[in-house]
Structure formats: C-alpha cells, structure tokens
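Residue numbers (UniProt numbering), protein chains in the order written: chain U, 1 to 424; chain S, 1 to 424; chain H, 1 to 424; chain Z, 1 to 424.
4 protein chains.
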Amino acid sequence: MDTIFTTERVRPLLARVREFVETELIPLEVGFSHNKLTDLIPVLDQKRTLVKAVGLWGLHLSEQDGGHGLTLCEFGQISEALAHAPFFGHYVFGCQAPDIGNTELLHKFASSELKERYLKPLMAGEIRSCFSMTEPEFAGSNPTRMATLAVRDGDDYVINGRKWFTSSADGSTFAVVMAVTNPDAVPHQRASMIIVPTDTPGFTIERNIPVFGEAGEGWFSHAEVTYTNCRVPLSNVIAGEGMGFRLAQERLGPGRVHHCMRWVGNAEKAFDLMCKRAVSREIEDGVMLGEKQFIQDFISESRAEIDACRLYVLNTAHMIDTVGVSNVRDAVSAIKFYVANAFLRVLDRAIQVHGALGVTDDTVLSAMYRHERGARIWDGADEVHKQNMAISILKKYGLDIKQKARELRQFRQMMEREKMLNDL
Amino acid sequence: MDTIFTTERVRPLLARVREFVETELIPLEVGFSHNKLTDLIPVLDQKRTLVKAVGLWGLHLSEQDGGHGLTLCEFGQISEALAHAPFFGHYVFGCQAPDIGNTELLHKFASSELKERYLKPLMAGEIRSCFSMTEPEFAGSNPTRMATLAVRDGDDYVINGRKWFTSSADGSTFAVVMAVTNPDAVPHQRASMIIVPTDTPGFTIERNIPVFGEAGEGWFSHAEVTYTNCRVPLSNVIAGEGMGFRLAQERLGPGRVHHCMRWVGNAEKAFDLMCKRAVSREIEDGVMLGEKQFIQDFISESRAEIDACRLYVLNTAHMIDTVGVSNVRDAVSAIKFYVANAFLRVLDRAIQVHGALGVTDDTVLSAMYRHERGARIWDGADEVHKQNMAISILKKYGLDIKQKARELRQFRQMMEREKMLNDL
Amino acid sequence: MDTIFTTERVRPLLARVREFVETELIPLEVGFSHNKLTDLIPVLDQKRTLVKAVGLWGLHLSEQDGGHGLTLCEFGQISEALAHAPFFGHYVFGCQAPDIGNTELLHKFASSELKERYLKPLMAGEIRSCFSMTEPEFAGSNPTRMATLAVRDGDDYVINGRKWFTSSADGSTFAVVMAVTNPDAVPHQRASMIIVPTDTPGFTIERNIPVFGEAGEGWFSHAEVTYTNCRVPLSNVIAGEGMGFRLAQERLGPGRVHHCMRWVGNAEKAFDLMCKRAVSREIEDGVMLGEKQFIQDFISESRAEIDACRLYVLNTAHMIDTVGVSNVRDAVSAIKFYVANAFLRVLDRAIQVHGALGVTDDTVLSAMYRHERGARIWDGADEVHKQNMAISILKKYGLDIKQKARELRQFRQMMEREKMLNDL
Amino acid sequence: MDTIFTTERVRPLLARVREFVETELIPLEVGFSHNKLTDLIPVLDQKRTLVKAVGLWGLHLSEQDGGHGLTLCEFGQISEALAHAPFFGHYVFGCQAPDIGNTELLHKFASSELKERYLKPLMAGEIRSCFSMTEPEFAGSNPTRMATLAVRDGDDYVINGRKWFTSSADGSTFAVVMAVTNPDAVPHQRASMIIVPTDTPGFTIERNIPVFGEAGEGWFSHAEVTYTNCRVPLSNVIAGEGMGFRLAQERLGPGRVHHCMRWVGNAEKAFDLMCKRAVSREIEDGVMLGEKQFIQDFISESRAEIDACRLYVLNTAHMIDTVGVSNVRDAVSAIKFYVANAFLRVLDRAIQVHGALGVTDDTVLSAMYRHERGARIWDGADEVHKQNMAISILKKYGLDIKQKARELRQFRQMMEREKMLNDL
Ligand SMILES: Cc1cc2nc3c(=O)[nH]c(=O)nc-3n(C[C@H](O)[C@H](O)[C@H](O)COP(=O)(O)OP(=O)(O)OC[C@H]3O[C@@H](n4cnc5c(N)ncnc54)[C@H](O)[C@@H]3O)c2cc1C
Ligand SMILES: Cc1cc2nc3c(=O)[nH]c(=O)nc-3n(C[C@H](O)[C@H](O)[C@H](O)COP(=O)(O)OP(=O)(O)OC[C@H]3O[C@@H](n4cnc5c(N)ncnc54)[C@H](O)[C@@H]3O)c2cc1C
Ligand SMILES: Cc1cc2nc3c(=O)[nH]c(=O)nc-3n(C[C@H](O)[C@H](O)[C@H](O)COP(=O)(O)OP(=O)(O)OC[C@H]3O[C@@H](n4cnc5c(N)ncnc54)[C@H](O)[C@@H]3O)c2cc1C
Ligand SMILES: Cc1cc2nc3c(=O)[nH]c(=O)nc-3n(C[C@H](O)[C@H](O)[C@H](O)COP(=O)(O)OP(=O)(O)OC[C@H]3O[C@@H](n4cnc5c(N)ncnc54)[C@H](O)[C@@H]3O)c2cc1C
C-alpha cells in the first residue's frame, strides 16, 4: 500500500523489491515443513548474489557506502516489502538483524580502523556479526545491571562473563559485547561496547538455545556464550569507555523502527494467508469460510490494525528523520509495544482460521509465531516501554517519577547499609 | 500534535482555533454538573458571534461560501482541535452535526432554489436542520428497508411515516427526510431525500428520546418524529427521485471522517483529564496515582491508540481528497469502527482513573460517554462495517459474497411465495 | 439455573421469588423511559406490602429476626433472582444496599440499645439508612486517609467533615459515619463508625450528585453531605473507638458477595433482553439478528461468562459460610473485579445488539449502565483488588511486599522531615 | 484447591496423586530443553510401573475394570492434579488422550470380542491406540463431510482415504477410523467407526506432522495416515454402521471435560512458574518483579480465571454425572472455548513474565504453548462451539436457525442442479 510517506525515490525501488520477493523468495515457502530453515541458507545465498546483480543490495546503506541513501522512513517501506517473505527477505537483501543494527552502530561510532576491519565486510555480506548484551542472571529489562567485566590489562581488555540470547552468534565473525569497564561510575556510565572476534580464545558458544522447539543454527539461532579471559585490544572499544548504555539507546531507536516495519510486513503476510484460506476452505457444501462473520471479524480487525500500525511507524520514522530520535522517544516506545501486539494478534487469527493446518509447519505461520513471540520481550518488554512512556508523559504534567525513584533507591541502599551495620 | 498532514495553510488556523478553545470554551466546563447543557446555548451563541468576529466561522466551507477552502484532511485537524471542548467546540464554530452533513449534501446536490432558501441561512448559522432517516420499526443497519412513504399528489409529495433519532430536530427549521418514493424499484433506488420544513402541518415531534438518562432539548436532543400527510412541493426532493440511498452514502463518507476526528479530539480531552488526575490525586502519603503501573498502563495504551487513530483518519481523509471516497470505502469503514472503539476505551480508562468522580457529571467524562456510546452504532454499527469491509476484501481474493447473498434472497422470496401458495 | 449450591431449603423460596419478580415487578418496566425511577417508589412500596403479606420479607435476616436463616450462599441465589428486576427487586424485598450492609453491621456489632432504636425499624423497612465513609478530597481507595474528625466533648462526639457518595442519604433516618477519633493511633486504628441521625443539627445534604446525567432523589441518589459540629452521644459508636477500619472490612466481605450476585442477576437480565432482540429484530428480509455470527458470539461469550461467574461467587459465599471470610479474602477480591467486569461486558453487548434502542431509556439497559459503571470503582476499584490479591498470593511464595511498603513509607516520612529541616 | 465437588472418596486419592506428581514427575522437568520429549518415554514407563505398584493406575476406569469407579467430576480433579506435570502426568497414570477416549468408547459401545482384543490391553497400558477422523482436504469442523470410504467386500470392509492429525498413531496398535459406509444416507448417518489394526496392509504413516517446530514421535506426535485398500472384518465396526457421527458426539462430551480439566491443571502449572519467577527475579536493586503492578495484574487476572474455570468445568462434569450429557450440551461447548482461551491467556502471561527465558525450552512453558495452541481448534474450534451454543440458546427463544439452514442447503443444492442443467 502506498501512503503519503511513499516518496518518488522509493516508489520504483519498492516495486522492484516486491517483484523480487514475489518471484524469487515466496516460492521457497513451498514445502516449508520439509526443510529446516538452516538448510535453506545456501539457496538464500544464491539469491543474495542475484540481489547484488540487480543492484538492490544494501538498501539501508548511505550512498557513500554503496546504498541508496534512503531515509529511515523510506527504508521502512522496503523493510515491510521484504517481510512478505518472512525469514528470507531481510537476509537475502543483506539487512537482517542483528547485522543491520551493528552496521548502523559502527557506521556512526566506530573508529576508521574498526570500520575498515569489521564494517566493510559486514556491509558486503561477507561476514556476519552478533550483539551480546543480555545475561541470564540479570534482568535484561534493566541493562544497568550486569556482571560481565572488561578489565584493562596493558593494551588489552580481558573480558569475563556469561551472555545469552546473543542472536546469530553461531557463524558470526565478531560480537559487539556490552561489558562493565567502570564499575564505580554512575549506573548509566559503567558499561562499554567492545568488539570481540569470535575466534578470540575464551569465546565459547555453550549452546544454541532451543526456542519454541528449535535450537536452530547459524543465522537462525540464539547462542548462550561464555567469555573466559577473552583478550582484545583497547582500541576495540566503540566510541570510548562508559558509552555502552548511550550506544545501546542509539542502536535501539532505529532498530525498533526496523522491527516494527518488519512486523507490519509479517502481519500482511499472515493476513494474506488468512484471506486465501478464507476464500478457498469449504466449510459447508458451497459455503466458504470467508462467508462466516467470525472470520470477517478477524479480517476487518486485522486490516484496520495493520494499516493503523503502518502509518504510526512510518510517521515515527519520518519524525526521527526530521526532528531526531531524541524528540520522539515516546513514539518509539509506543510503536514498539503497539505494533508487536497487533502483529501477534493478526498472526494468532491467521493460525485460527487455518485450523489444524495453522499449528503445523506446513505454512510459515507457526514459524512466525515461534520466532516472533519474543517481539513483546526483546528490545524492551511491553511493560517497560509502557512504564517509561507514561513516566515521560506525566513529567510534562509536573510529576517527576524518576526523581522519586532515585530517592527511593538511595533509601534502599541506606537501609541495606544500616541493616548490615545492625547485623554486625 | 502536528503531523505530516499539517499543511502551511492550516497550521496558523489551527493555532488560532486551539487558542480560542482554550481561552473561551474550556472555562465553560467549570461547574459542569450544575448546568444543563441546554442552559448553555445562549452563552455558546455569544461565543459564535465572537468566532464570526475573528473570522473563524465556517472553516468547513468552500472559499466561495465564505470559508477557507480547506481540504477534508485539513479540516479534520481543525475538528480535532474543536473537540477539546466536547459539546461546545463544533457548535460554536458552526460545524456541528447534523448541520455540517446537511450543508455538504445541499452544497453538492441541491437545486439553486433549495440552496438559496435552506443552505444559505444554514451556513450562516441562522437556522438549524436535521436528518430523518432511521425508523424505530426497521433495522437502521439496512437502510433499504423502511416504511415512510412519499406519494406524489399533484405538485406535491404527501409524506407519512414515523422516524426516530432525528437528532436536533427540536428547534430545527427543516428536516432532510428519507422516504420511499418508488416502492417497486430495486431496493437501492426506492427512496429519496426530501426537504420538509418543520412547520409543515403534520410534522410532529412526539418526544425527545431520553438517552442515558437525559432527553435534552434543542440541539442537544434526539427526536421521535411523525409525518402525517406532510405536504411539500416536488421540488423539495434533492438530486432527483430514487437517489436517496446514493446520497446517504455520499453524506456518510466525509461524515465518518468528521466523527472520527471529533473522537480523536474527545479522546485527547479524556486523556488530558486522566493525566491531570494521575499527577494530582494522592493515593498514599506522598504517592500520586500516576506512579502506579496500572495507571501508567492506561496512559501509554491510550497515547498509542490515539496517535495511531489520528494518523489513520487523516490518511483516509487525505485519500478521499486525492483519489476520491469511492476508492477508499474500506478505509472509511475501518476508521469508523476502529476509532470509535479506541475512543470509548480511552474514555472508560479516564473514568476509571477518576474513581467516583468519574461517574459524576462534575467532569465532562460521563457526558461524553452518554453522548458517544452511540458511536459504535450510528453511521453504521461496528458489525456492519466489519462485515462490509471483509466482503470487499474477500472479493479481491475472488469470493463474491454479495452475489451469493443476492441468490439467497431470491431463494427466500421464492420460498415465501411457495409457502403462501401452499397455505392457500 | 439451579446449581450444586441450591439446597432443598432455598429451592422453593427461589421459585416463589422468581414468580413474584416475573408477575409483579417486571411489568413495571414497561414504558420505562417515561417515568423517573423516583416516581416509582410509591408503587414499589405497595409491592413491599405484598411481599410482607406472602411471607417473603427479609430473606437475608436470621430466624430470630423474622427471616429464614439462609446462608450467605443461599441468599445469594435469592439475590440473583431479585436482580432480574434491576432497581426494583432488592428494594421491594427489603434487602437493598446500603441498608442490607448496615443491617448486617448493626446485627453483629451494635449495642442492644442501638439495635433497638435503629436496627429494628430498619429490618422492618420502616426507615432507611446510609453509609458515609468516602470523602471527595481523599482517595477512597485508601480508607486510612480521611479528614472527618469526631472529637469527644463531654458525653458527645462533635463531628466535622465533608463526605460524598453517601448513597441514599436523601430520606434516610440515620447515617453510619466513618470519622477519625484517634488521630495518633496507627493508621488502621484511627477511625470509628458512629451513628448520626440525619436530623442532627449540622447534618446537611449539600446536593444529590448528578451521576451519568441523573441526580436522582431518595433511595436512588448519592449525596454530598457536610457534618458541621454534629453532636451525637458517645454511645452511638459501633463496637468501640478505633474499630472503624475493621468494621469496614467486615461490612464489605459479604457486601461484595451481595453485589456480585446482584450483578449476575443483572447480567442475566441483559442477556435475556439481548436474546429477545436477537430473535425479533429483522435485519434483512426474513433474517433475524440472531442468525448473524457477530451476535452469536456476543450470546455465547455472555452465557459462558455469566455461568462461570455465578459458580465462582456462590463457591466463595459457600466458603465464607463454611471456613469464614478471613480465609477467602483473595476469592472475595477476585469475584469483586471479575464479576463486575464480566457484567459490564455483557451489558455493553446487550446495548450494542439493541442499536439505537440500546442507548435510550426505553429499556433498562442504559439505566443499568448508569447505575453500575461504578461497579468497577466502589467497594474497592479493580486495581486495588488486583494489587491486594497479588500481594497476598506472592506472600505465600515468600515475598512480603507489604513489609517493604511499610519501610518505604517510613523512608518517605523521614525524607519529608529532613526536607522540612533543610528548608528551615 | 478443594472445592464443593471434592468428595470424601476422591480426597485421599487426590492427595496421593499430588504427592506422586510432586516427587516423581516434576523433578523430570529439570533440564527440560536438553531432552527430547520422546527420549523421556522409557523413564516415564518406569514411573508407570510405580503407579501400578502403588495402586493408582487407571483412575478413570470403572470398578469392574480395576479402577475406582470415580465419577467424571471426581476424575476431573485427578486430571487437574496430573496436569501439574504437563506431558508426563496423564501418560504415567495411563489416562492420556487419545487412549482415554478410545477406552470410554470401546467400554460403552464395542462388542465383547472387540473389548477382549483391544480394550483390555489398552486399559492395562500394554498397547496404545489412535483416533483417525480428520482429513486434510475437508473441514474438520464439519465432520459430516469426508472422503474416506469403507466399502463392504464379503466379510470385510475395504478402506481407502487420507487422514491427518491422527494423534499418536506412531507406535499405536490400532486406529479407530471414521469412514463413510453409507454414502446415500442423510449426512449424519453416513459414517461409521471401524477399528483398523496398524499392521493392516495399506495402513501407512506418511509422516509425523511438524507442529510448531517439532514433528515428535511415538505418543508425542500427530500422523498423516493413508489407508490404501485396508481390509478389516465387518465385525470391527463399533456399534453398527452409520453410528459414526453419534459415537463421535458421545466420545467428545466427556473428552472435552478431560481436556478442560487438564488445561486447568496446566494453567495452574504456568501460574506457579509465573509466581516463582515474580518473587525471584530482581528487576532493580532489591526490587522483585512481583512488586510491579503489571505483574500483579497478570497474577490476579490469572488466579481469578483459573478458579472460575475449575468450578465451571467441575459443575459441568457434575451435571453430566447427574442429568446426562445430552442435557448440558451448551455447557460442554461453553467450557471448551472458555477454558481453552483462559488457559492460553494465563500461559501467555507466564511466558511474558519470564522474559527471554519464557520463549526457550528451558521451562515447560513454551512446550505447553506448542502442544496446546491447538486447544482452540481441536474438538471443535472456538467459533464452532460459540455458533452452536448460540443457535441452541436462541431456539429456546423461538428462532430455529438450523431449520433455516436446512432450507438454505436445499436451495443451494437446487441452484447447483439448475446451474448444471443450464450449463448443459
Ligand atoms: C528472540 C530473542 C532474541 C534476542 N536477541 C538478543 C541479542 O541478539 N542480543 C542481546 O543482547 N539480547 C537479546 N535478547 C534478549 C533481550 O534483550 C531480553 O530478553 C530483554 O531485554 C528482556 O530481558 P530478560 O529476558 O532478562 O527479561 P527480564 O528483564 O527478566 O524481564 C522479564 C519480564 O518482566 C517484565 N518486566 C520487566 N521489567 C518490568 C518493569 N519495570 N515493570 C513491570 N514489568 C517488568 C516484562 O514482562 C518482562 O518480559 C533477545 C531475546 C529474545 C527473546
Ligand atoms: C445518538 C444517535 C444519534 C443518531 N442520529 C441519527 C440521525 O440524526 N438521523 C438518523 O436518521 N438516524 C440517527 N441515528 C440512528 C442510527 O443511524 C441507527 O441507530 C443505526 O443506523 C443503527 O440502526 P438501528 O438502531 O435500527 O439498529 P439495528 O439496525 O437494529 O441494529 C442493531 C444492532 O445489530 C447489529 N447488527 C446490525 N446489522 C448487523 C449485521 N449485518 N451483522 C451482524 N450484526 C448486525 C449491530 O450490533 C447493531 O448495533 C442515531 C443513532 C444514535 C444512537
Ligand atoms: C455509585 C457509587 C456509590 C457509592 N456509594 C458509597 C457509599 O454509600 N458510601 C461511601 O462511603 N462511599 C460510596 N462510594 C464511594 C466509593 O467507596 C469510592 O468511590 C471508592 O472507594 C474509590 O474511591 P475514590 O472514588 O476516592 O477513588 P480514588 O481512591 O481516588 O481512586 C481512583 C482510581 O485510582 C485507581 N487506583 C486507586 N488505588 C490504586 C492503586 N493502589 N493502584 C493502582 N490504581 C489505583 C483506581 O482505578 C481508582 O478507580 C460510592 C461510589 C460510587 C461510584
Ligand atoms: C494438536 C491437534 C491434535 C489433533 N488430534 C486429532 C486426532 O487425534 N484425531 C482426529 O481425527 N483429529 C485430530 N485433530 C484434528 C481436529 O479435530 C481438527 O483440527 C478440527 O476438527 C478442525 O478441523 P480443521 O483443522 O479441518 O479446521 P477447519 O474445519 O478447516 O476450520 C478452520 C477454522 O475455521 C473456523 N471455522 C470453522 N467452522 C466455522 C464456522 N462454522 N463458523 C465460523 N468459523 C468457523 C475456525 O476458526 C477453525 O479453526 C487434531 C488437531 C490438532 C490441532
């Protein structure tokens, strides 16, 4: 669907992307259940070559990096189109998470040396990367708390810690690791982002974590990783020590837009399958499923939700492009939970309409669920975004909840100290 | 909130409208429960004079009619701003329903004679009008079925029937009545729209119908009306005989956008009251309601819903402006139910946050509910829009449900006939 | 519907009550919108005489008080049956709120002198009473905070304060007032319940508060009341000074069951009207509304919700009867919010199915909404019950949130003190 | 939780079952993600031996069959207790679907010869069985339509067709197959249930269908099965030709109660894990997740939903026990969709509270989702139950929708014939 956000520049690109997705990628869904996703990687890599050949590679990149210099809002529309082929689209066009996020991060903040070594092959699709922040023992929802330490030792950092859900670590060339470098700083300035090549001694993938029945491998996986005396040069830090938290924020802003537009496209995919089933499944002699109002309800609710979501995300992207992400934090939070939830509802309806077929792996629906239920959790759980957004709104009404929380934390620490004193 | 839809032309107007609403209208809400809405009409009429004086009257009108020639999308934004003063805003600026709808109707379809007599004073705010389609005994959801008859008699129509929910009939100068003129035509061409002055003998307001505890009067009312041998000249028909259904469609398209933008504004109003309460109601010593996550949930969900709705409606208005309403019927259906439901949810949350205060008439919240619960019913109930929209979507997928329904109707009629034959 | 909870004792009573409701009370609903509820009181009082004549008066009372000694669980079933005539049933059978609550309170805790003077005529339906706890300026959700003071002066209390939502104060003979008697006690022991005759000098009904468009009068009203140097004898305190909070808890336990069973009955009423409309409203030629799946969805969801609610409430009542209310506090909280929400959903669906008729006062639906939207607020708002219930559940899992909150309160007080010191 | 339905007979059994589940089965969940469910079967079979040893085997069986002769309502409570160990409990106690359903079926309707051969070893847990009704090409929601044919040939039936979702066919000794024997009978009398040993030539498991990422094997699987000239003796038919549909109804009545009570137990399991996480996950320094109202909301809503569901199911079981399933069809429909939906909501909340851990296979949550999302589909999809239930309710109000549907079907057939004639 074209919208007011569809510029002259992006329109022809969009048409070509849609065409490619339709003719080259969607046919790969046939017999979906008979293949493991990982078995498809070689096929997808061939398609990558084709994408490069027709000049559609790297649509998220700046012009100097060989891309088309699209705005976030323009690229969002490309991203939606790619998501009509869930799992395949973004990978084949070289803009899959987490690489796209790392690309943006390095592009903006890495030294030219790091760019040369890591960013260049990443943009070319020659290597893959991962992002290693969350730890099993600490609430990822509060990233100021973590245990992984990077200690200076001469010209090196020595890193120790345990991370999990380091997506796509399996097969990656490097990891961007979040580690505490300045334990005594204020919470938001304790951690740094450091590049760790995965062949560094002490970097171990303990397992690919089974998620909804599938551990996966390669790009399609989420690793549990230990860092044991991993030694990397000090120059591997991105944008300087103590910047970890700030970079994470920077990384997540556009990242959320990327996810949201992907979900909009995924939702369209589910919607399309739902409608196709509705017009072809005969429920009584001569009566199709789509004639039933229960199904009509699913369809109309879904159509409305998807269209509202698309406009909401594109408008947010447009605001980021024009007034900057720091002015639309609330909107970024809002689309994150709003779109994730809408998408999962649409998906659930599509599954329901397919009956038993919907729970099988014969369509992409169940795989979408398995890979995307996490949408309401990663990059900030629903509850965290809602809380933060409300706090920010109420501040404009004169109530500073964060300030009160700070005081409360101080009190708690005081209490702890007193208790300890008393216990002596 | 400015959006991509905010043009240079509308921005300064918007600022002036907001300012007027803030300083002239919102103060009228003080002591809300102590006044009947109808007692406020004289005050509101003074404000109308002011609006005219500052050149903000008739913002929905074309330039030749003394307006600003705003697009539907631009006017929608004005409408939202007016809705920050629910009940007052649109009336004071002369663009309240049902007059705005009748204005558009007459503007497009009435003869110059009818325009001169009825449209001109209507646009000037000198008279009021009403729209009289729904009948108590027939499902308004299916407007092809009605009993009111307009029979030709010489140069006149003689009209007989019973209507209800003829909003604002009380005090109106004329009614636009939907009546069957061609009972033997196909269903969609049976009825016509005819202007009936309310001082026509036989036009009787039986009662103002009590709605959620209040019958109201004048503009704030919904009449039950009987037409008993009401005689009006044939020239009072709008756009010719049999055009009633088509006109109704035409009237309702932009009408739905008007309602939706009003609801977005009303929702903002409720949101604003909710936040104000959240930061000022002390729930424990030193703890404000807004610090509770239950309330934060209400606030963030509401913020997201309202913003998504606004973009959805404005985009639809923009499409109507650019590609015409007939190309976006689905979107018009979608915003109708989507926004009505979102608005009522926001309103319900605002009531809840106010506790006992929320159910009183001390704030505008309860009055909004009473006047707007109908939003999910009038202008097409949720269920009707969802059904129609799904039917239209599935047609593109190759399933023609309407065609099947036509065949079914034929069958039912056949069955009836057979039964009657058998019963003889 | 009979359930496993329907004892031999209650079954014949139930049958008689249902019969009475059907033949004597439901007919009064005809022309509902044409009468103010208050105009019906004389008619209802005649029905009361009839109830007494046939021996069905006071079914909530113990045998020694002339009742049938029903258990809470048995009476709950009677209460549901009465609620098929919303507004009329409980009043006519003499077990309407707030009198039933005051009856239970006085029965259990009042001195024999107070019983003689106030309880006896109350049980006989000769007088009415009210309960005066909530204040406009303090969050009713946290009843440890209030400003009304009762100061000892010789043998009297002198009471000063402002209350609101003192339901049915208009026309009452006495109020049970919650007032602070011991300001320096721990929060839960500061207040007392004191009987104040409404003809006490200084007792003033400032207004009957307009609620959803209707201020009402007499039993059908909610008063704002000021107490200005109201002087009552010390012996008017119930169960001793400082017992206010405890009594409130005692009063609310069974009170919630009463409300819940009333809502179950009200929901059945709405359900019945919905089904009747579904089978009689012709939506297309020969097609009834009930043939549409949207409506079928409403009906089945409602049926399931009501039946689940009934069992849940009766089981809770049964537990109160057998193991005592203090052992089922969580269940009491749960039914309070669960049933209120289910009821309001059913009611909303019934309104929707009636179309425009649903928002009028021509049926009892809109009146039910107006009188019962508060169900999610009074006697503990949804959010308060959910919070308390979760806190209680998690305590069993080893997390004592209340204890933490106590520490936090202390901290806040400390902070305040420090701030004050610093400000000096 | 004991309820009013907990009889003296079942209470001690319940205690023993809970104890067994707690000490023998729940420990097997440790390291859940490291084992395939199928690898656990040998361990589970050892536990079966233990169950038999302590006299708890076959709690669903009649006394003459070596069981305890529990009522459906009593066994329901056992079933809930077993479901605290999802996947393990019912299997270990020998009352897992689909065997329990086949047991009941054969017990009631099979000839003594079939009982001897198939029922006896089934009850003893020596063999397993499956139920083969649904076909991929026909809507399972309308079981009068199917293609599998059983044609008489001498003393045999020769069966041809394709079925899918024949759960647990892998490793089963026999299948109960639904096949058309009387194609010319009225729809509901066309099919029969026939026992087909799985070693019959022509019986082929084409695949175990991958469901949410896992094809499984053995008991934990759903097979696609072809029947190619499968020859079985006429005496393998259960209860006579044409009885298939009726038997399916019989089988599904108590079957739905079984599923529902299992879901109640599963929901308790999810609830328990949710609470444990809430009290142990530190979200800020010293602050546990359970202190957050978002989580409290999840917990209280879940507690209320589960408790209401339990009572609803047990009451329905009690009604089946006392007045017979044919008198409570609506309630059976209601619990089916009501409980399935409530359970899935609770489960989804538990996943959310666990964050990333929730989507992994490290807890049983994700496996429950994968195995139970189908709950809203099998044994009658939500929409089918809601439709049927509403139709049944509205019939009591005088609207016979089924009758109208019959007429409509006739019309459609007539139309088809006419079209064919016209096309000639
Ligand atoms: C599929 C998937 C891929 C991922 N990929 C990556 C990756 O590549 N790299 C990486 O570093 N991480 C990754 N993650 C991890 C992700 O960032 C974390 O899961 C997320 O930050 C949440 O942290 P958590 O899982 O520790 O949950 P927790 O922080 O323990 O939170 C659990 C739940 O508690 C609730 N909650 C949290 N905070 C609050 C609050 N303040 N108030 C109320 N409720 C609250 C929410 O419901 C939340 O879901 C991935 C996760 C998933 C599921
Ligand atoms: C406040 C208010 C103001 C109004 N103002 C005017 C006015 O000024 N002029 C005027 O002419 N009319 C007015 N109306 C009437 C309005 O147009 C009708 O109420 C509306 O068309 C619905 O018709 P109905 O009320 O007869 O409901 P019905 O047509 O009887 O429908 C009742 C319900 O049935 C359901 N339903 C209907 N069709 C279907 C279907 N196909 N499938 C499934 N479910 C269905 C819906 O839930 C609907 O709410 C007003 C109504 C309200 C409430
Ligand atoms: C129709 C009606 C009849 C009544 N009758 C009587 C009567 O006869 N006598 C009498 O004394 N009182 C009566 N009341 C008052 C009633 O007891 C109070 O309304 C109730 O206790 C809530 O108090 P509040 O209105 O001050 O709301 P507040 O306490 O200000 O709460 C407002 C809202 O905040 C939210 N909230 C509150 N606490 C929390 C929390 N801890 N966490 C998160 N959210 C929270 C809830 O959404 C709540 O609705 C009546 C009320 C109504 C509506
Ligand atoms: C995990 C699992 C285990 C199973 N085990 C067995 C087994 O052991 N043996 C066996 O024979 N079968 C089994 N089944 C199959 C099950 O019985 C069917 O899936 C079920 O009957 C639905 O049929 P269907 O899948 O063909 O869906 P369809 O009939 O095609 O229906 C698809 C969807 O359409 C909608 N729908 C259907 N009818 C209507 C209507 N009238 N109005 C509105 N909407 C409607 C519903 O949303 C439904 O989900 C199993 C299924 C699952 C998922």
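By construction, the Cβ of each residue, glycine as well, lies at the ideal position given by its N, Cα and C atoms.
Bear in mind the structure is a predicted one, so any value in this text is a computation, not a measurement.
Residue i CB to nearest heavy atom of ligand 1 below 7 Å
i: Glu-383 of chain U; result: yes
Status (buried if at least 16 other CB within 10 Å, exposed otherwise) for residue i
i: Arg-373 of chain H; result: buried
i: Gln-352 of chain S; result: buried
i: Leu-50 of chain Z; result: exposed
i: Leu-72 of chain H; result: buried
i: residue 456 of chain U; result: Residue 456 of chain U lies beyond the residue range present for chain U, which begins at 1 and ends at 424; the question has no answer from this structure.
i: Met-389 of chain H; result: buried
i: Val-92 of chain H; result: buried
Whole-angstrom distance between residue j and residue i, CA atom to CA atom
i: Ile-393 of chain H; j: Ala-270 of chain Z; result: 15 Å
i: Gly-67 of chain H; j: Ala-53 of chain H; result: 14 Å
i: Glu-305 of chain U; j: Gln-64 of chain Z; result: 58 Å
i: Asp-39 of chain H; j: Asn-236 of chain S; result: 45 Å
i: Leu-25 of chain Z; j: Met-146 of chain Z; result: 40 Å
i: Leu-37 of chain H; j: Phe-212 of chain S; result: 13 Å
i: residue 462 of chain H; j: Leu-289 of chain H; result: Because chain H here runs from 1 to 424, residue 462 of chain H falls outside it and cannot be looked at.
Requested in this report: With a cut-off of 6 Å, give the chain-ordered residues whose Cβ is closer than this to any heavy atom of ligand 4.
Outcome: U:Arg-281, U:Ile-283, U:Leu-289, U:Lys-292, U:Phe-294, U:Ile-295, U:Gln-352, U:Val-353, U:Gly-355, U:Ala-356, U:Val-359, Z:Pro-98, Z:Phe-131, Z:Ser-132, Z:Met-133, Z:Thr-134, Z:Ala-139, Z:Gly-140, Z:Ser-141, Z:Phe-165, Z:Thr-166, Z:Ser-167, Z:His-222, Z:Gly-374, Z:Ile-377, Z:Trp-378, Z:Ala-381, Z:Glu-383, Z:Val-384 and Z:Gln-387
For this session: Check whether the region 187-202 of chain S touches the region 180-198 of chain H, taking contact to mean three or more Cβ pairs, one atom from each stretch, closer than 8 Å.
Result: no
(message) Check whether the region 331-347 of chain S and the region 327-341 of chain H are in contact - that is, three or more C-beta pairs closer than 8 Å.
(response) no
Examine the Cβ distances between the region 166-185 of chain Z and the region 129-144 of chain Z and report whether three or more of them are shorter than 8 Å. yes
Whether or not the region 168-178 of chain S and the region 214-228 of chain S are in contact is what I'm after, with contact meaning three or more pairs of Cβ atoms, one per stretch, closer than 8 Å; do they touch?
yes
Margin query: I'd like to know if the region 88-97 of chain S and the region 373-393 of chain S are in contact, where contact means that at least 3 CB-CB pairs between them fall below 8 Å.
Written below: no
Just checking, does the region 73-85 of chain S make contact with the region 148-156 of chain S on the three C-beta pairs under 8 Å criterion? no
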